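Some notes on the structure that comes next.
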Amino acid sequence: MKAVIGTPIGSVIIYVKNDKITKIRLTFQKEGWAARQKNKDFPSLDGSAARQKNKDFPSLDGWAAGRRGVNKNENYYNSKTKKHFDIIYAYLYGDLQKIPKEIFDFPGETAFVKRVYETLYNTKKGSVITYKELASKAGNPKAYRTVGNLMKKNPLPIIIPCHRVIKSDGSIGKFTPTIKWKKYLLDLEKNLSEGGKNGFKRY
Numbered sequence: 025m026k027a028v029i030g031t032p033i034g035s036v037i038i039y040v041k042n043d044k045i046t047k048i049r050l051t052f053q054k055e056g057w058a059a060r061q062k063n064k065d066f067p068s069l070d071g072s073a074a075r076q077k078n079k080d081f082p083s084l085d086g087w088a089a090g091r092r093g094v095n096k097n098e099n100y101y102n103s104k105t106k107k108h109f110d111i112i113y114a115y116l117y118g119d120l121q122k123i124p125k126e127i128f129d130f131p132g133e134t135a136f137v138k139r140v141y142e143t144l145y146n147t148k149k150g151s152v153i154t155y156k157e158l159a160s161k162a163g164n165p166k167a168y169r170t171v172g173n174l175m176k177k178n179p180l181p182i183i184i185p186c187h188r189v190i191k192s193d194g195s196i197g198k199f200t201p202t203i204k205w206k207k208y209l210l211d212l213e214k215n216l217s218e219g220g221k222n223g224f225k226r227y
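Each residue of the sequence shown is one higher than the last, beginning at 25 in our numbering.
Right, here's the structure in full:
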């Protein structure tokens, strides 16, 4: 089962199995979703007032059901994925500060890998952390390159917010599928987080 959330720069595809999110994939829309969907009830970065006005987004009968390329042969947004869709949507554009652990399992086959992902999961929305800081908090300060590789392999972006991990020199670093996604997610959190106008909060 999978559900798709549209954003101004691409789609967030959520894969669900046994009532848990097993994978999230970010796609990039080169031609400019925002331009084609101008004034189409998408909240973007306009804050809670805009979100409250756009009451038809998302719902089974509104924007979400009609604008995701859904067809009868695909198991997209439906009663079985609605809960996961709504939680991720609320996290991205609403007031939800953290994705509940009940809807996913931490990835990783070793204790260190799980600690890295759990530590990152526990960072605050709107904050950033360096690869070295993350490695140190997970128990191995010298493993920052390993942390970098784990970010590339992260199967649950957004839930485990690898977009918050930056380089020690303060530069933003790389991101899959595109650096534009990293900038978009950081800007989104900055605008939605308390005090975000003054820049990112350090973890």
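Glycine residues also receive a C-beta, built at the ideal position from the N, C-alpha and C atoms. All values derive from a computational prediction rather than experimental measurement.
*asked:* Are the CB atoms of S192 and K149 within a distance shorter than 7 Å?
replied: no
*Nearest neighbour of L174, chosen from L209, T143 and K214 [CA to CA]*: T143
*Leaving aside the five residues before and after P185 along the sequence, list all residues of the same chain whose C-beta is less than 7 Å from its C-beta, in chain order.*
L144 and T147
*Mind listing, in chain order, the continuous beta strand (DSSP E) runs of no fewer than 3 residues lying wholly within the segment 107–156?*
151–154
*Tell me whether K198 is buried or exposed, calling it buried when 16 or more other Cβ atoms sit within 10 Å of its Cβ.*
It is exposed - the Cβ of K198 has fewer than 16 other Cβ atoms within 10 Å.
*Nearest-angstrom Cα distance between P181 and I153?*
P181 and I153 have their alpha carbons spaced roughly 15 Å apart.
*Who are the near neighbours of R139 in its chain, counting only those whose CB is closer than 7 Å to its CB and skipping five residues on each side?*
A162 and G163
*Measure how close the beta-carbons of I183 and I33 come, nearest whole angstrom, since I'm counting them as under 8 Å.*
Wrong, their Cβ atoms sit about 19 Å apart, outside the cutoff.
*F130 and Y141: beta carbons closer than 7 Å?*
Closer than 7 Å, so yes.
*Is the beta carbon of I112 sitting closer than 7 Å to the one on I38?*
Yes, these two residues count as a Cβ contact at 7 Å.
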